[in-house]
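Student: Below is the structure I would like to discuss, written out as structure tokens.
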Amino acid sequence: MTTVAVKPATMAQALTRALRDAMTADPSVHVMGEDVGTLGGVFRVTDGLAKEFGETRCTDTPLAEAGILGTAVGMAMYGLRPVVEMQFDAFAYPAFEQLISHVSRMRNRTRGRMPLPITVRVPYGGGIGGVEHHSDSSEAYYMATPGLHVVTPATVADAYGLLRRAIASDDPVVFLEPKRLYWSKDTWNPEHPTDVEPIGRAVVRRTGRSATLITYGPSVPVCLEAAEAAHAEGWDLEVVDLRSLVPFDDETVCASVRRTGRAVVVHESGGFGGPGGEIAARVTERCFHHLEAPVLRVAGFDIPYPPPMLERHHLPGVDRILDAVARLQWEAEG
Amino acid sequence: MTTVAVKPATMAQALTRALRDAMTADPSVHVMGEDVGTLGGVFRVTDGLAKEFGETRCTDTPLAEAGILGTAVGMAMYGLRPVVEMQFDAFAYPAFEQLISHVSRMRNRTRGRMPLPITVRVPYGGGIGGVEHHSDSSEAYYMATPGLHVVTPATVADAYGLLRRAIASDDPVVFLEPKRLYWSKDTWNPEHPTDVEPIGRAVVRRTGRSATLITYGPSVPVCLEAAEAAHAEGWDLEVVDLRSLVPFDDETVCASVRRTGRAVVVHESGGFGGPGGEIAARVTERCFHHLEAPVLRVAGFDIPYPPPMLERHHLPGVDRILDAVARLQWEAEG
Amino acid sequence: MTVMEQRGAYRPSPPPAWQPRTDPTPLLPDERPYRVLGTETAAEADPELLRRLYTQLVRGRRYNAQATALTKQGRLAVYPSSTGQEACEVAAALALEERDWLFPSYRDTLAVIARGVDPVEALTLLRGDWHTGYDPYAHRVAPLSTPLATQLPHAVGLAHAARLKGDDVVALAMVGDGGTSEGDFHEALNFAAVWQAPVVFLVQNNGFAISVPLAKQTAAPSLAHKAVGYGMPGRLVDGNDAAAVHEVLAAAVRRAREGGGPTLVEAVTYRIDAHTNADDATRYRGDTEVDTWREHDPIVLLERELTHRGLLDEDFAGRVREDAEAMAADLRARMNRDPELDPMHLFDQVYAETTGQLREQRALLRAELEAEQQDQEGGPR
Amino acid sequence: MTVMEQRGAYRPSPPPAWQPRTDPTPLLPDERPYRVLGTETAAEADPELLRRLYTQLVRGRRYNAQATALTKQGRLAVYPSSTGQEACEVAAALALEERDWLFPSYRDTLAVIARGVDPVEALTLLRGDWHTGYDPYAHRVAPLSTPLATQLPHAVGLAHAARLKGDDVVALAMVGDGGTSEGDFHEALNFAAVWQAPVVFLVQNNGFAISVPLAKQTAAPSLAHKAVGYGMPGRLVDGNDAAAVHEVLAAAVRRAREGGGPTLVEAVTYRIDAHTNADDATRYRGDTEVDTWREHDPIVLLERELTHRGLLDEDFAGRVREDAEAMAADLRARMNRDPELDPMHLFDQVYAETTGQLREQRALLRAELEAEQQDQEGGPR
Ligand SMILES: Cc1ncc(C[n+]2csc(CCOP(=O)(O)OP(=O)(O)O)c2C)c(N)n1
Ligand SMILES: Cc1ncc(C[n+]2csc(CCOP(=O)(O)OP(=O)(O)O)c2C)c(N)n1
Ligand SMILES: [Mg+2]
Ligand SMILES: [Mg+2]
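Spelled out as structure tokens, the structure:
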């Protein structure tokens, strides 16, 4: 038996590797989008694929997001597995009609006869100093669209594992890539790449007994940091990484909240009408009598994404998370 | 003083009257959309306007929703007040990029210099036997988009009053018209048409002490019916009609829930990621210690809108609402 | 010495990127709608083809009438009739090989059944039953598309995928004049041309998008002229001349099959009935206009030709009528039975791998249905 | 007797809807890109205009260089340079009257400042400060649009509204070659043509959409050919010939002003720099291509003409240089000061009438900022 070196890799590298391995494993996997070919994508996630697999397997499309997704629908109808890249979150909006009216519904419309195994990769979220339209968190739209799976990794290993599983899924998956984690590094064994929990399973990233931070994607590292800082204040916080918003893992989340009795949902997306409302509501429905305090939410403000120079005020940071934890009615305990 | 006859009118008639009065009062109001001119709209809400005000004030546009909303943006930039009709809920999706990236953000982008007083009328919801794409409840998308007001009437008087206020607002308003209430009738005094509460105020449609039904639009009459039926079971239900989802009237809603101690949110839109999550979460955040039970939700299923022959199973009806009320942990009271 | 020569060194050169066009395909479409019936070319038309077209036209018209009748009887929720447009519908289906794909718009039930789909299954959506009644793979017919023009990129993607797989498959996508205004029309045609996908776009210009006449939809000389901007050939054809539509579509299909890329075909026709049974066409057009078009009826045009060539004997005409009547009778009979829908199916195909949420909701509905049943049976709830 | 005569009664008639075209405007654009500089027409060009164009070209190039330098110094978050495309930028601004409107795309800062917008305010977005730095109404310049092609329907709507109000206002909207693939491009042009709105569309075809070359973007003979499909004139012009671009745009603006409706202008040009400072152009194109285009430089082309006509004396050239340097120095100086942003402004203009939610969030942020301040001042939190 040989031991394989466990080397550090960035999330972007793990994603590239996932695409490459998926394309090698299955000739029906096709990557398409703006600048994904020669350039390798503006985040270089598709780097080298056009060279290795040819331009028909990794295709620079015309600049038209509805056209990209719409033609991907047709390709999927014919048995291909398109992996579509939307260049930035806000540039997925032109494709919403195709996404809502067709991608999410074709299987149901045809009673299972015409599944659409399409993966839509969307770099999302802020914190990268991007100008307007380059930092949106649009997961609320996807969550509210039945028929889509909505997946988002927070670790290097998950980036690989979840993307492989998304591409292999017979359901359409909106795969949200946290832009500011693209260059996050972790040691990772590329020989055991799929040994991650499947889509639909949340993972406890840190155990704790005082309260649960429920989070996903770009906010996972922030919550872990907050949990560290919370020690100083005497709180032992548990951090749950959802990994997929749809399907939602009620079991893992509720088990944690029932244990701790308190919860804060943390995400970058705007609070009002955002994922946190759904999460807080369903946790409360299921764990009401275990709750010592209402489930609180720490989210982006209900404003258009701010200019880069102000984004740090908008993004949920350690302090704001700790402030929320402090509001979890600890006095009642004493 | 003359007394004006209080006559029965349908919601559709009240909406037509609102458009007509707004156009008369303000020459900058322009109505535009598919078939709104000669035909008077597929629901006849714009009936007679082209004749009365000319085709440049009530315009049949080419068949392109992004183009309709996009040109309305330009018209609003030049000082007009466009009232845009989207023919059906699902046909607003092609206009999402214009809505999210421009309509909702232009004021903020320009620090108030370029407001966009656009009203987007969207007939929404099911219960009319419509084939696919004709019965969507898309309010979750609008709620999750900061910068938009989201308004929906449930009564004939509100249809008039809220639409007048929406058109007069300097903010963009998504005005959701419950299709199955278009032909609902009520006595209504067209001479006192604006004596309704402003946008942003919820209204208690029925007072009660046992529990609060929080609802809006097409589900208001259903909730009132459920409240009637609940009497038989010994429950005295309060019904709150939200009237606008954005702004959200925390005050009225929370006052009611604090009084009753129990609440059910009712809407047609899918439950997961739908408006109910936000509403339940914020009510719980604010009224936690007044709650005898978790805030429950009765919503459409998390599925694409079903075919007409099955829609009655999908739509929240009296029985499903009463079942939820029954789950509000009354034994705990005992 | 001319001024230019005086200028010496710097002759105006085009920018380095500019290349003169070399493709010999004419840039502009036919100047007037192409006709076969009543012209000299008609003599060359294959009698068998003309008879097949005729059979289908008559059948199609009968189908439209029967379906419209079914809406009045409450057996169909809604029906968008294609009466007057049968030539386009039928020619589109007949121009394709069995292995090809059809992408219909919501008005194209006739093309769908002409491909071989069961006439009752084709109405599943419109009767309020499930969203699509037929198996798209059985006859290679995509679901009837309700959101306008959204099916066009699907056709391009499918044709492109087939070519990548080395399959000899052409896709034909149908759209209305109104649908050409949508962004998806533009994006689909552009992708098709850039990819040289084997796809044919058929625009049925029937003069109206519900109430909106063509003049409010476009200022172009014709819809076929839109082809120029994508670098594909555009053809303008009389949409009521079944032989002409068939010839033009068949040529476009052949071109696509041979690697020549996409074609845009505009068929000029007219919607004789209202937009759907729910529409009141008198609000936006006069009878005279409709009458003018009745004189240009696709069945009459073909009948004249068949008669002229002695192809319409009593025997054949009788068989055609009978075939149409039999189809209508079968449709009536089968549409008069209520379809049986199981509400539990609502949850079955939302996902391949269902979710916990849906399992809960499924259980809720099952409990409700059981309670309902018990109520009906008079048992205690 | 011919076959047709034999046929007697039924001569093929076009479908009743069909009308022959009567509009005398040529359907197709110029065959090769229109040039002025170096041709006989150049002699007729107004010397004052040529000098104004030259002044702005030099200024524009200097601005691009300075802005790019500022990105290296971390003073600008990102800058999409228009070096090589200055002729389009400048001609677009100069073709308009003061009362007209400009709708720029994100690369069009030069056109924006040529309209009179403060060069620093024009960079507000790109330095990471507020989303739009200038008052759109001050110089009638819409905000730089980042989502591609979405500004085009805005231009149409504004021009249409102005005409409805009886104002003599033309809108000029700018878009890239890549942007023409978007559905919004299609819808905007169609609305413009149907409404005969006074709007001019300028496509800067600079050969690339980031890394994607034109050949992967379109198969059309030229982007100007797209005009045919909307029923508007299309003009193809050498985008590096400032005099030609100006002449063509000015004519289109005049036509729009006089009620002649919209025009689509394609200017063939080249992006000499990378897509933005963050881009690595060597990944998708070679130096030779860039070098070929450097020989077709817009400033050089105009300089030759000015020299030939004796309009480029030392004095004038010196003033032009000095003006550009002064602008750059001012830009440097002012961009080196950090802008002051008040985080509380985040909530101020989301709505005209704010909401309870935002009031709460405002209070939260204020409390956080006060706590932060106290922390910094070393006081107890
Ligand atoms: C995206 C979209 N917008 C609006 C509609 C509503 N609608 C249904 S049919 C129709 C008119 C279609 O006109 P056309 O494309 O000419 O086809 P025709 O009805 O004439 O066959 C409209 C506006 C729709 N189905 N899809
Ligand atoms: C709707 C949309 N999709 C994608 C992008 C990302 N993007 C920014 S610039 C660009 C290329 C634009 O090319 P082109 O239109 O030719 O303009 P150029 O950059 O050459 O000036 C892309 C894809 C965007 N801004 N908007
Ligand atoms: Mg039509
Ligand atoms: Mg370009």
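Residue numbers (UniProt numbering), protein chains in the order written: chain A, 1 to 334; chain B, 1 to 334; chain C, 1 to 381; chain D, 1 to 381. Note that the Cβ used here is the ideal one computed from N, Cα and C, for glycine as well. Values in this document were obtained by computation on a predicted structure and should not be read as measured data.
Can you grab the Cα-Cα spacing for the pair Arg-209/A / Met-11/A, in whole Å?
Tutor: Rounded to whole angstroms, Arg-209/A to Met-11/A spans 30 Å at the Cα level.
Student: Does at least one heavy atom of ligand 3 sit under 7 Å from the Cβ of Ala-209/C?
Tutor: Yes, the Cβ of Ala-209/C comes within 7 Å of a heavy atom of ligand 3.
Student: Can you tell me whether Ala-171/C is helix, strand or coil according to DSSP?
Tutor: DSSP places Ala-171/C in strand when its eight states are reduced to three.
Student: Using only alpha-carbon positions, find the residue among Val-240/A, Val-31/A, Val-222/A that is nearest to Leu-322/A.
Tutor: Cα-wise, what sits closest to Leu-322/A is Val-222/A.
Student: Nearest by alpha-carbon distance to Asp-236/B: which of Arg-259/B, His-313/B, Arg-121/B is it?
Tutor: Of Arg-259/B, His-313/B, Arg-121/B, the residue nearest in Cα terms is Arg-259/B.
Student: Nearest to Ala-242/C by alpha carbon, out of Gln-85/C, Ala-114/C, Gln-217/C, Glu-182/C?
Tutor: The candidate whose alpha carbon is nearest that of Ala-242/C is Gln-85/C.
Student: Just checking my contact of Ala-244/C with Val-253/C at CB under 8 Å: how many whole Å lie between their CB atoms?
Tutor: The pair is not a contact, with the Cβ atoms about 15 Å apart (cut-off 8 Å).
Student: Quick check: the region 15-25 of chain B against the region 41-51 of chain B, are there 3 or more CB pairs under 8 Å?
Tutor: Yes: at least three Cβ pairs fall under 8 Å.
Student: Below 8 Å between beta carbons: does that hold for Ala-263/A and Val-295/A?
Tutor: Yes, the pair counts as a contact, with Cβ atoms nearer than the cut-off.
Student: Around the C-beta of Asp-108/D, are 16 or more other C-beta atoms found within 10 angstroms, so that it is buried, or is it exposed?
Tutor: Flag for Asp-108/D reads buried.
Student: Can you confirm whether Val-120/B, when its beta carbon is compared against all beta carbons of chain D, has any partner nearer than 8 Å?
Tutor: So, not an interface residue.
Student: Going by DSSP, which residues form a beta bridge with Leu-201/D?
Tutor: Note on identity: in this sequence residue 201/D is Phe, with Leu being the wrong assignment. Bridge partners of Phe-201/D: Ala-173/D, Leu-264/D.
Student: Go to Ala-211/A, then tell me how far its beta strand (DSSP E) extends in each direction, as first and last residue.
Tutor: Where Ala-211/A is concerned, the enclosing beta strand (DSSP E) stretches over 211-215.
Student: Quick one: which residues of the region 100-112 of chain A get their C-beta closer than 7 Å to a C-beta of chain C? List them in chain order.
Tutor: So the list reads Ser-101, His-102, Arg-107, Asn-108, Arg-109, Thr-110, Arg-111, Gly-112, given in the order they occur along the chain.
Student: Please list, in chain order, the residues of the region 169-202 of chain D that have any C-beta partner in chain B closer than 7 Å.
Tutor: So the close ones are Gly-183, Asp-184, Glu-187, Ala-188, Asn-190, Phe-191, Val-194.
Student: To the nearest angstrom, how far is the alpha carbon of Arg-81/B from that of His-186/C?
Tutor: So the two alpha carbons sit approximately 29 Å from each other.
Student: What whole-angstrom Cβ distance do Ala-281/B and Ala-281/A have, given they're in contact under 8 Å?
Tutor: With 8 Å as the limit, Ala-281/B and Ala-281/A qualify as a contact, their Cβ atoms being about 5 Å apart.
Student: Of the residues that make up the region 141-169 of chain C, which ones have a beta carbon closer than 9 Å to any beta carbon in chain A?
Tutor: Result list: Ala-142, Pro-143, Ser-145, Thr-146, Pro-147, Thr-150, Gln-151, Leu-152, Pro-153, His-154, Ala-155, Val-156, Gly-157, Leu-158, Ala-159, His-160, Ala-161, Ala-162, Leu-164, Lys-165, Asp-167, Val-169.
Student: Which residues does DSSP pair with Lys-185/B in a beta bridge?
Tutor: Thr-10/B, per the DSSP bridge assignment.
Student: Please return the same chain residues whose Cβ sits closer than 8 Å to the Cβ of Gly-378/D, not counting the five positions on each side in sequence.
Tutor: Counting only Cβ-Cβ distances below 8 Å, and skipping sequence neighbours, we find nothing.
Student: Cβ of residue 386/D within 8 Å of Cβ of Leu-365/D?
Tutor: Nothing in the structure corresponds to residue 386/D, since chain D is present only between 1 and 381.
Student: For chain A, find out if any of its Cβ atoms is closer than 8 Å to the Cβ of Gly-334/B; answer yes or no.
Tutor: Residue placement at Gly-334/B is flagged as unreliable, the pLDDT there being 41, under the threshold of 50; the coordinate-derived value follows with that caveat. By this cut-off, Gly-334/B is not an interface position.
Student: Using a Cβ cut-off of 8 Å (strictly closer), state whether Tyr-142/A contacts chain C.
Tutor: Closer than 8 Å: no.
Student: Under 8 Å by Cβ, that's how I've got Val-170/D and Leu-96/D pegged, so tell me the actual separation to the nearest angstrom.
Tutor: Indeed they touch by this definition, with Cβ atoms about 7 Å apart.
Student: Could you check if Asn-206/D belongs to the surroundings of ligand 4, using beta carbon to heavy atom distance under 7 Å?
Tutor: Within the cutoff, so yes.
Student: Which whole runs of the beta strand (DSSP E) in the region 41-97 of chain C are 3 residues long or more, in chain order?
Tutor: Counting whole runs of 3 or more residues, the region 41-97 of chain C contains no beta strand (DSSP E) stretch at all.
Student: Looking only at C-alpha atoms, which of Lys-185/B, Phe-96/B, Glu-311/B, Val-266/B sits nearest to Ala-324/B?
Tutor: The candidate whose alpha carbon is nearest that of Ala-324/B is Val-266/B.
Student: Looking at the unbroken beta strand (DSSP E) that takes in Phe-175/A, where does it start and where does it end?
Tutor: Looking at the DSSP string, the run of the beta strand (DSSP E) that includes Phe-175/A is 173-178.
Student: To test your reading of the DSSP string, which unbroken alpha helix (DSSP H) runs of 4 or more residues are found completely within the region 218-274 of chain A?
Tutor: You should have 219-232, 250-260.
Student: Which residues bound the beta strand (DSSP E) around Leu-301/C?
Tutor: Taken as a continuous stretch (DSSP letters only), Leu-301/C belongs to no beta strand (DSSP E), being part of the alpha helix (DSSP H) at 298-308.
Student: What are the residues in the region 81-97 of chain B lying within 9 Å of chain G by C-beta distance?
Tutor: The structure shown contains no chain G; its protein chains are A, B, C and D.
Student: Please name the residues in the region 301-315 of chain A whose beta-carbon is closer than 7 Å to at least one beta-carbon of chain B, in chain order.
Tutor: The region 301-315 of chain A vs chain B, Cβ under 7 Å: Asp-302, Ile-303, Pro-304.
Student: Please list, in chain order, all residues of the same chain as Gly-273/B whose beta carbon is under 7 Å from its beta carbon, the five residues on each side excluded.
Tutor: Excluding residues within five positions, the ones whose Cβ falls inside 7 Å are Ala-140.
Student: Go through the region 88-131 of chain B residue by residue and report every complete run of the alpha helix (DSSP H) that reaches 4 residues or more, in order.
Tutor: The region 88-131 of chain B contains these whole alpha helix (DSSP H) runs: 106-109.
Student: Please compile the residues from chain A whose C-beta is within a distance smaller than 8 Å of the C-beta of Tyr-284/D.
Tutor: Per Cβ cutoff of 8 Å: Thr-38, Leu-39.
Student: Closer than 7 Å: is that where the CB of Gly-176/C sits relative to any heavy atom of ligand 3?
Tutor: Answer for Gly-176/C: yes, Cβ within range of ligand 3.
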